[in-house]
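Novice: Handing you a structure now.
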Amino acid sequence: MDAKRYIVHIDLDSFFVSVERKFDPTLIGKPVIIGGSKDRGVVSSASYEARAFGIHSAMPTKQALKLCPHAIVVRGTHGRYSEASREVTQIIHDMVPLYQKSSVDEFYIDLTGMDRFYDPYKLATDLRQKVIRETGLPISFGMASGKTIAKMATNQAKPNGQLWIKHGEEKTFLAPLNIRKIPGLGESTCQKLYQYGLEKIGDLQRVNLKFLEATFGKMGLYIYNKANGFDESEVAPHGDRKSISTEHTFESDVKDPRTLENILIAMTEELSGKLRRENKLASCLAIKIRYANFETHTQQQKIAFTAAEHILIPGIKNLLNKAWSRHRPIRLIGVRLSNLCTGSYQINLFEDNEERIRLYQAMDNINFRFGDKTVCRASGMEIGTRTFNPFMAK
């Protein structure tokens with residue numbers, strides 16, 4: 001007989017807001033928005049006080065301020081979030097045998113088998129209290145027999161709470177919840193289910209699998225399994241990320257090719273330097289552009305494994321030419337390097353020389369010691385100092 005599974009999902013509540021409140025306690029209890037500028041930015045995170053006005057992440061900041069004019073907008077400090085995430089990760093690493101870091105503020109923990117020695121729920125409770133005590137950050141968790149229900153339990157436990165869905169109680173817990181609560185269910189799928197009179201997960205539990213498969217294809221089995229609490233996916237230790245990316249939102253729309261190329265050069269330098277520091281190579285590059293009406297286009301290209309910007313930059317410029325309708329001003333631009341693998345930069349016998357290799361090594365050493373963009377191409381200097389955005393990494 002298989003051992004009962006004990007899967008814990010941990011989520012730091014309003015993570016970015018909570019971190020900022022540690023440094024500025026006057027923000028406590030007030031509607032706070034973490035994001036870009038009031039005119040051009042989007043909401044990265046919002047406090048519960050701000051969410052009460054209908055504000056949510058990815059909403060344009062301008063729209064959010066119409067809903068809540070007295071909200072406090074904080075630009076955000078990426079370094080603080082990375083450090084806070086590292087502190088929480090270390091506490092979890094020291095206390096549990098198997099965990100998966102799924103984002104900067106979210107973790108899955110597998111305590112299966114631990115029940116022979118400890119009470120899993122008490123262990124999760126002790127872990128949560130330790131994080132609160134040592135970091136001062138609010139945190140919630142859900143515990144269940146699978147990852148999906150554990151995550152849904154966490155959402156029900158927020159803010160700053162905990163909930164255990166015991167074995168055999170999964171369907172009872174799920175039944176009264178709206179189908180929107182199922183992770184991974186898109187808006188169009190929900191609307192289609194609503195048309196069939198299926199609003200609660202309990203309604204889905206009474207539907208035949210064949211109907212769902214006939215209506216939604218392969219997605220039908222996914223919906224059926226989630227509604228009935230079937231989830232055997234494993235908690236996998238956090239592996240190497242498969243892509244690295246960054247993006248920039250302009251204060252005003254831009255259609256000057258030189259300005260766009262300069263910022264692309266700066267971003268590509270930043271990412272390729274990080275690849276070399278982490279001993280990684282990329283074999284796919286991509287560009288993202290977003291117009292003033294939020295219409296977004298991406299273009300990508302496979303390349304030979306590399307971490308050298310003198311190879312990557314011409315490729316990125318070429319993708320810009322393919323993706324951009326020249327008459328349309330651009331609101332946001334981004335670069336992504338993906339299909340990463342571990343490996344040192346290999347000298348290209350046809351293009352490189354010893355001088356170029358030494359140049360890269362010297363640039364990387366200086367930038368590592370004194371900060372990104374201490375040494376960079378002249379074309380990227382006018383963009384200003386940029387720091388790598390940890391929230392875009394995957």
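Residue numbers (this note's numbering): 1 to 394.
Every residue gets a Cβ at the ideal spot worked out from N, C-alpha and C, and that includes glycine.
Considering GLU170, what are the terminal residues of the beta strand (DSSP E) in which it resides?
Specialist: Here residue 170 is taken as the residue at index 170 of the sequence shown, counted from 1. Judged by DSSP secondary structure, GLU170 falls outside any beta strand (DSSP E) and instead within the alpha helix (DSSP H) spanning 170 to 174.
Novice: Check for me: the beta strand (DSSP E) holding TYR108 runs from which residue to which?
Specialist: Within the sequence shown, numbered from 1, the residue matching residue 108 stands at position 108. Residues 106 to 110.
Novice: Identify every residue that forms a DSSP beta bridge with HIS9.
Specialist: What you label residue 9 is simply residue 9 of the sequence shown in a count that begins at 1. Answer by DSSP bridge pairing, in chain order: TYR108 and GLY142.
Novice: Given MET59, which residues of its chain have a CB within under 6 angstroms of its CB, disregarding the five upstream and five downstream residues?
Specialist: As a first step, residue 59 must be located in the sequence shown, where it is residue number 59. So the qualifying residues of the chain are VAL43.
Novice: Within 10 angstroms of the Cβ of PHE211, are there 16 or more other Cβ atoms? Answer buried if so, exposed if not.
Specialist: Here residue 211 refers to the residue found at position 211 of the sequence shown. Exposed, because fewer than 16 other Cβ atoms sit within 10 Å of the Cβ of PHE211.
Novice: Please classify HIS93: does DSSP put it in a helix, a strand, or coil?
Specialist: For the purposes of this step, residue 93 is taken as the residue at position 93 of the sequence shown. Correct three-state label for HIS93: helix.
Novice: Give every residue of the same chain whose Cβ lies closer than 7 angstroms to the Cβ of ARG331, excluding the five residues on either side of it in the sequence, and list them in chain order.
Specialist: Residue numbering aside, residue 331 sits at position 331 when the sequence shown is read from its first letter. Closer than 7 angstroms at Cβ, skipping near neighbours: THR249, PHE250, ASP253, ARG290, TYR291 and ALA292.
Novice: Please state whether the Cβ-Cβ distance between LEU266 and GLN299 is less than 7 angstroms.
Specialist: On the sequence shown, residue 266 is found 266 positions in, with the first residue counted as 1. On the sequence shown, residue 299 is found 299 positions in, with the first residue counted as 1. For clarity, residue 266 is Ala in the given sequence; the question names Leu instead. Cβ atoms of ALA266 and GLN299: not closer than 7 angstroms.
Novice: Express the C-alpha separation of GLU213 and SER18 in angstroms, rounding to a whole number.
Specialist: Numbered from its first residue, the sequence shown carries residue 18 at position 18. Numbered from its first residue, the sequence shown carries residue 213 at position 213. Going by the C-alpha atoms only, they are around 42 angstroms apart.
Novice: Below 8 angstroms, can you find three or more Cβ-Cβ pairs linking the segment 146 to 158 to the segment 179 to 190?
Specialist: Yes: at least three Cβ pairs fall under 8 angstroms.
Novice: Which complete beta strand (DSSP E) runs does the segment 19 to 58 hold, if anything under 3 residues is left out?
Specialist: 32 to 35 and 43 to 46
Novice: Along the chain, where does the beta strand (DSSP E) containing ASP126 start, and where does it finish?
Specialist: Here residue 126 refers to the residue found at position 126 of the sequence shown. Taken as a continuous stretch (DSSP letters only), ASP126 belongs to no beta strand (DSSP E), being part of the alpha helix (DSSP H) at 120 to 135.
Novice: LYS280 lies in the beta strand (DSSP E); which residues open and close that run?
Specialist: Taking the first residue of the sequence shown as position 1, residue 280 is located at position 280. In this chain, the beta strand (DSSP E) harbouring LYS280 covers 280 to 291.
Novice: Give me the Cα-Cα distance between ILE91 and HIS9, rounded to the nearest whole angstrom.
Specialist: Position 91 of the sequence shown, counted from the start, is the residue given in the question as residue 91. Position 9 of the sequence shown, counted from the start, is the residue given in the question as residue 9. Approximately 15 angstroms, taken between the alpha carbons.
Novice: Which same chain residues, not among the five before or five after ASP364, have their C-beta less than 7 angstroms away from its C-beta?
Specialist: The residue labelled residue 364 in the question sits at position 364 within the sequence shown. Reliability of the predicted coordinates at ASP364 is poor, the pLDDT of 47 falling under 50, and the value obtained from them is presented with this limitation in mind. GLY273, ARG276 and ARG277.
Novice: What's the C-alpha gap between ILE223 and VAL207?
Specialist: Indexing the sequence shown from 1 puts residue 223 at position 223. Indexing the sequence shown from 1 puts residue 207 at position 207. Taking the Cα positions, ILE223 is about 10 angstroms away from VAL207.
Novice: Kindly list the residues whose CB is nearer than 7 angstroms to the CB of GLY41, restricted to its own chain and excluding five residues on each side of it in sequence; keep chain order.
Specialist: The residue labelled residue 41 in the question sits at position 41 within the sequence shown. In its chain, beyond the 5 residues on either side, GLY35, THR61 and THR249 have a beta carbon closer than 7 angstroms to the beta carbon of GLY41.
Novice: Can you give me the Cβ contacts of LEU319 inside the same chain, cut-off strictly under 8 angstroms, excluding the 5 residues immediately before and after it?
Specialist: Locating residue 319 in the sequence shown gives position 319, where the first residue counts as 1. Taken in chain order, the residues that qualify are LEU285, ALA286, ILE287, GLN299, GLN300 and GLN301.
Novice: Determine the DSSP secondary structure at LYS255, reduced to helix, strand or coil.
Specialist: Sequence index remark: in the sequence shown, residue 255 carries index 255 (1-based). If DSSP states are grouped into helix, strand and coil, LYS255 belongs with coil.
Novice: So, for ILE165: in the same chain, excluding its five sequence neighbours on each side, which residues have a beta-carbon less than 6 angstroms away from its beta-carbon?
Specialist: The sequence position of residue 165 within the sequence shown is 165, counting from 1. If we look at ILE165 and ignore the five residues flanking it on each side, its Cβ neighbours are ALA144, ILE149, ALA153 and PHE173.
Novice: Taking 6 angstroms as the limit between beta carbons, can you name the residues of its chain near TYR6, skipping five residues before and five after?
Specialist: As a working note, residue 6 is residue 6 in the sequence shown. Cβ neighbours of TYR6 beyond the five flanking positions: LEU111, THR112 and PRO120.
Novice: If you drop the 5 nearest sequence neighbours on each side, which residues of the same chain put their C-beta closer than 6 angstroms to that of GLU170?
Specialist: Residue 170 sits at position 170 when you count from the first residue of the sequence shown. The residues are ILE149 and GLY229.
Novice: Just the Cα atoms here: how many angstroms apart are SER140 and PHE107?
Specialist: Walking along the sequence shown from the start, residue 140 turns up at place 140. Walking along the sequence shown from the start, residue 107 turns up at place 107. One C-alpha to the other measures close to 11 angstroms.
Novice: Grab me the residues of ASP11's own chain with a C-beta within less than 6 angstroms of its C-beta, minus the 5 sequence neighbours each way, in chain order.
Specialist: As a first step, residue 11 must be located in the sequence shown, where it is residue number 11. Closer than 6 angstroms at Cβ, skipping near neighbours: GLU106, SER140 and THR154.
Novice: With a threshold of 6 angstroms on Cβ separation, who are the neighbours of ARG336 within its own chain once the five nearest residues in sequence on each side are excluded?
Specialist: As a first step, residue 336 is located in the sequence shown; it is residue number 336 there, counting from the start. Excluding positions up to five away in sequence, the list reads SER243, SER245 and ALA286.
Novice: State the Cα-Cα distance for the pair ILE311 and SER82, rounded to the nearest angstrom.
Specialist: On the sequence shown, position 311 is the one that residue 311 refers to. On the sequence shown, position 82 is the one that residue 82 refers to. The straight-line gap from Cα to Cα measures roughly 30 angstroms.
Novice: Label THR306 either buried or exposed according to how many other C-beta atoms from any shown protein chain fall within 10 Å of its C-beta, with 16 as the threshold for buried.
Specialist: For the purposes of this step, residue 306 is identified with residue 306 of the sequence shown, where counting begins at 1. THR306 sits buried, since 16 or more C-beta atoms from the chains shown fall within 10 Å of its C-beta.
Novice: Start and end of the alpha helix (DSSP H) containing TYR222?
Specialist: Residue numbering aside, residue 222 sits at position 222 when the sequence shown is read from its first letter. Per DSSP, TYR222 belongs to the alpha helix (DSSP H) from 218 to 227.
Novice: How long is the line joining the alpha carbons of ALA50 and CYS68, rounded to whole angstroms?
Specialist: In the sequence shown, residue 50 corresponds to position 50, counting from 1. In the sequence shown, residue 68 corresponds to position 68, counting from 1. So the alpha carbons of these two residues sit roughly 7 angstroms apart.
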